[in-house]
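Peer 1:
Protein chains in written order, with the UniProt record's numbering: chain A, 1 to 288; chain B, 1 to 436; chain C, 1 to 288.
See below:
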């Protein structure tokens, strides 16, 4: 009995495990190996120390740290509050809103470069009153100095929130209705139901949002790259740590350094993931 | 209920079959044919390559249109270097600075053209235009088009304000200050990225990317050729007569539609591709003057902002001759080059190109004589570097920031020096600060 | 009190809708306008439908209408990788949530590792792997790595862990159903919302992925829409007038139209996925 269950489990998960090995672990393992190789010969920690000595790294790490501090809380709070508010009263309005919230995330690549170039152009943007409020007179201006981090935060939230709202809403929607109805019969207020019943029940999803968002925020790449397309030279080509890793791999043809820096970023993401998983007991199977 | 039958042990098999089927669809990596010339060009050069293919039916050619993005060619080449196949025999570089990457030891891709392209052909290119392609005395690429800077100006505004296009930088500065005082909001230049650094500092001969070899670059922003630019721009910056807004910014286009661009030193392509489509300055207004001259120099020199080049692969083997023949035709054929959008690097072709441009009703005066002179007066010492993006950004962070923030530009030069030195050293250059 | 909270809710949701919706509204209007009007006209002005037609015909002049080839490629790559990733993710997520077996935690952890591994580390390993299989520049070189989708496995895992009661499975076992049969006839019908969500995110990822096609594809005729559009918009200087020069008359309105064409399938997929979301757990639980 036990044996057949275990066999069945492997039959179901086998194909995925195979792909995991071929397209995940093998490349990751090879990357780890490359990070210790320089010009075809084993070179110890040479690539790693070269990366950590790179003058561009400290600036990039500082930028990414600041970005995470601003972006992650705003994103998570906005996603949670919008998903819970929408779920408090499901219906056509709520589903239209979810669609609208998702819209900015659908525009990618060069078209996103155009879109955001104009969104941050005081004369051409529908947000021009807001831009005026911050004394922004041109895109060049918006992307210079301390406004850049704000611009990136706004863009990052706009692009990423919609997808997570859908995930959380889906999780809330799948909650058993009897529990929620019981709470309402008890006379619990909407706020109390939300805070004490709904939120704990979707905590694993919130954990997942945190892990993924932390990783994607600490590996921010698309937003600064996209803005650079429209206004070249304005943002450092290695503004973020991930951009630096890409620069190693693409412009400099140095895969060893690219691998070393990527694995360092992975380590940071894993530490965060580990903390979240421990705190939320995400891996438990015995919930219900 | 159970659609896959009891147990369906086929799940894994199905997935794998699917994967294998997909693999089966593929035709394998291209370039299997030993005689087939693999040619990578951007979209603008695709039609020309196809024409060549048609005219040479005996030569098998495979043409691939590549994105012009910085980094695309180096990425593909370094991957091909690892898999030992897939190199294009002939490739167009929309960012000729990448020649410095592709010729360097790590990539070892670009072939020196010695023995492939006769010296007589090389002599036909605009003087100094092949400097970008030359390392340690060897030429590694053929320039397709060049982007010498000229002093663009609005002839109608000049007339209306009773001004005249300046011949020296001293007059340029004076006129800029006068315009800013008499007609607030008017600008006479842009100090941003490659547009600022290439136009002002490049044309002055300020050594910020003077490549002495593939591993040695001269950077010295303390030179008089640098400080004279900073001093000239300083009052213009304080009076906002020059802007730090990048010319591709919609806010810059607004300056054009509001008749605020009196002068704009910039590359040859600004006329057709900036003033006309982006800044929307109407027909009959824009004209070109030579770049102003510096005290103590008796001629005008131009900087460079852009242009393209063709490289031939070291791995082309017996196809190298055919690749060289095609590259030569693409860059030097006068009939072909006469039709291309930007200024041809090959002098004879540029003359043909100029015949059509001379009649262009867009310009207030025929810009061709000025462009021709500018092409013949490229300031030496503007080489292809492996830190092009940092070169642009570091300029904005230092000189650009000082221009916008009302600080000393001369002081900013030493910050720029620091950043350039760091960028160069990280990219395997030794920096020479004294030679020259 | 109730009226106040209802108003507050509406203000919050609609305010967010303005923030997320305006960029897309601008983008949707942009192809109707002229490039000149985009910089000087009112930010949300409407031009004419004729301009949209003109913009489309300009786009089609690029390499003899290569745009349609890219759309076809993208559809093929996305359809194949969505199908394959669903076949891998759903059973894997189910097993990870509902079976205790050796290697479960390892698989969960390795999936997270692969999920947040920065792609710059994978450029070389994946390329060399595909080269060894002889697949470089074939559709499979993009489809196969895209089908490995740990994010989808996590979505399935979280869904089954939270919403599939063990009692339901045990009841099935008592009735003598085999493990694989339990998965197919109990778990899968209950997972429709999650499957819709995974399919959607997997589609978005395949449709918008830039990195794999950039690295793997060496012939413009095999490009995806994303990669092709970047090529098109950059080489015509449509977004950044200094990035390329051509006489194709492709400018900002054309770039906006291209962006809409690229975004439309994502939005259609979103609407489809929403339908799955609504068919929540209860429908399935009653059947069980």
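No residue lacks a Cβ here, since even glycine has one placed at the ideal position from N, Cα and C.
For residue 121/B, tell me which candidate among 347/B, 424/B, 382/B, 395/B has the shortest Cα-Cα distance.
Peer 2: Looking at the Cα atoms, 347/B is the closest of the given residues.
Peer 1: Provide the residue(s) that pair with residue 216/B in DSSP beta bridges, ordered along the chain.
Peer 2: Residue 216/B is bridged to 213/B, 430/B.
Peer 1: Could you give the distance in angstroms between the alpha-carbon of residue 67/B and the alpha-carbon of residue 43/B?
Peer 2: 8 Å
Peer 1: Can you give the Cα-Cα distance for residue 18/C and residue 394/B, rounded to whole angstroms?
Peer 2: 37 Å
Peer 1: Name the two residues that bound the continuous beta strand (DSSP E) containing residue 246/B.
Peer 2: That residue, residue 246/B, is in no beta strand (DSSP E); it is neither H nor E in DSSP.
Peer 1: Determine, for residue 20/A, whether the minimum Cβ-Cβ distance to residues of chain C falls below 9 Å.
Peer 2: By this cut-off, residue 20/A is an interface position.
Peer 1: Quick one: is residue 194/C buried, meaning 16 or more other Cβ sit within 10 Å of its Cβ, or exposed?
Peer 2: buried
Peer 1: Measuring from the CB of residue 312/B, is there a heavy atom of the ligand ATP at a distance below 8 Å?
Peer 2: This structure lacks the ligand ATP; in fact it carries no ligand of any kind.
Peer 1: Name the chain C residues that come within less than 8 Å of residue 83/B, Cβ to Cβ?
Peer 2: 127, 128, 131, 136
Peer 1: With 7 Å as the limit, tell me which residues of the region 37 to 64 of chain C have their beta carbon closer than that to any beta carbon of chain B; keep them in chain order.
Peer 2: 39, 40, 62, 63
Peer 1: On the three-state DSSP scale, how would you describe residue 217/C?
Peer 2: Coil.
Peer 1: Give the C-beta separation of residue 121/A and residue 245/B to the nearest angstrom, bearing in mind that I take them to be a contact with Cβ-Cβ under 8 Å.
Peer 2: The pair is not a contact, with the Cβ atoms about 11 Å apart (cut-off 8 Å).
Peer 1: Taking only the alpha-carbon atoms, compute the straight-line gap between residue 60/C and residue 67/C and give it to the nearest angstrom.
Peer 2: Cα to Cα, the separation comes out at about 7 Å.
Peer 1: Please report the straight-line C-alpha distance between residue 75/C and residue 206/C, rounded to a whole angstrom.
Peer 2: Rounded to the nearest whole angstrom, the CA to CA distance from residue 75/C to residue 206/C is 9 Å.
Peer 1: Rounded to the nearest angstrom, how far is the Cβ of residue 155/A from that of residue 175/A, given a contact under 8 Å?
Peer 2: About 32 Å; that fails the 8 Å criterion.
Peer 1: Considering only the alpha carbon of each residue, which of 122/C, 263/C, 150/C, 246/C lies closest to residue 259/A?
Peer 2: Taking only the C-alpha atoms, the option nearest residue 259/A is 122/C.
Peer 1: Closest to residue 250/A by CA distance: which of 401/B, 306/B, 72/B is it?
Peer 2: 72/B
Peer 1: Is there a Cβ of chain C sitting closer than 9 Å to that of residue 273/B, yes or no?
Peer 2: yes
Peer 1: For the region 239 to 251 of chain B, which residues have a beta carbon sitting closer than 7 Å to at least one beta carbon of chain A?
Peer 2: Result list: 244, 245, 246, 248, 249, 250, 251.
Peer 1: Under 8 Å by Cβ, that's how I've got residue 88/B and residue 152/B pegged, so tell me the actual separation to the nearest angstrom.
Peer 2: Beta-carbon to beta-carbon, residue 88/B and residue 152/B are separated by about 36 Å, too far to satisfy the 8 Å threshold.
Peer 1: Are residue 231/A and residue 147/A closer than 9 Å when you measure CB to CB?
Peer 2: no
Peer 1: Applying a beta-carbon distance threshold of less than 7 Å, which residues of chain C neighbour residue 85/A?
Peer 2: Taking a Cβ-Cβ threshold of 7 Å, the residues of chain C close to residue 85/A are 9, 12, 13, in chain order.
Peer 1: Name the DSSP beta bridge partners of residue 62/B, please?
Peer 2: 38/B, per the DSSP bridge assignment.
Peer 1: Is it the case that the Cβ atoms of residue 338/B and residue 355/B are separated by a distance below 9 Å?
Peer 2: yes
Peer 1: Closer than 8 Å is the cut-off here; do at least three beta carbon pairs connect the region 211 to 220 of chain A with the region 99 to 115 of chain A?
Peer 2: no
Peer 1: Between residue 238/A and chain B, is the shortest Cβ-Cβ distance under 9 Å, so that the two count as touching?
Peer 2: Flagged as an interface residue toward chain B: residue 238/A, by a C-beta distance shorter than 9 Å.
Peer 1: Report the residue from 69/B, 163/B, 63/B, 381/B whose alpha carbon sits nearest the alpha carbon of residue 226/B.
Peer 2: 381/B
Peer 1: Any beta carbon from chain C within less than 9 Å of residue 101/A's own beta carbon?
Peer 2: Among the CB atoms of chain C, one or more fall inside 9 Å of the CB of residue 101/A.
Peer 1: Starting from residue 329/B and walking both ways along the alpha helix (DSSP H), at which residues does that stretch end?
Peer 2: 320 to 332
Peer 1: If the criterion is Cβ atoms closer than 9 Å, does the pair residue 391/B and residue 94/B meet it?
Peer 2: no
Peer 1: Could you give the C-beta distance for residue 180/B and residue 240/B, rounded to a whole number, given that I count them as a contact under 8 Å?
Peer 2: That belief holds up - the Cβ atoms of residue 180/B and residue 240/B are roughly 6 Å apart, short of 8 Å.
Peer 1: Could you please tell me which residues of the region 98 to 129 of chain A, in chain order, have their CB closer than 8 Å to any CB of chain B?
Peer 2: Listed by position, the residues of the region 98 to 129 of chain A near chain B (Cβ gap below 8 Å) are 117, 118, 121, 122, 123, 124.
Peer 1: Could you tell me whether any Cβ in chain A is nearer than 9 Å to the Cβ of residue 174/C?
Peer 2: no
Peer 1: If you draw a straight line from the C-alpha of residue 200/B to the C-alpha of residue 245/C, how long is it?
Peer 2: 23 Å
Peer 1: Suppose you measure from the CA of residue 103/B to the CA of residue 331/B; what does that come to, to the nearest Å?
Peer 2: 20 Å
Peer 1: Between 257/C, 241/C, 255/C, 273/C, which lies nearest to residue 279/B when the distance is taken from Cα to Cα?
Peer 2: 241/C
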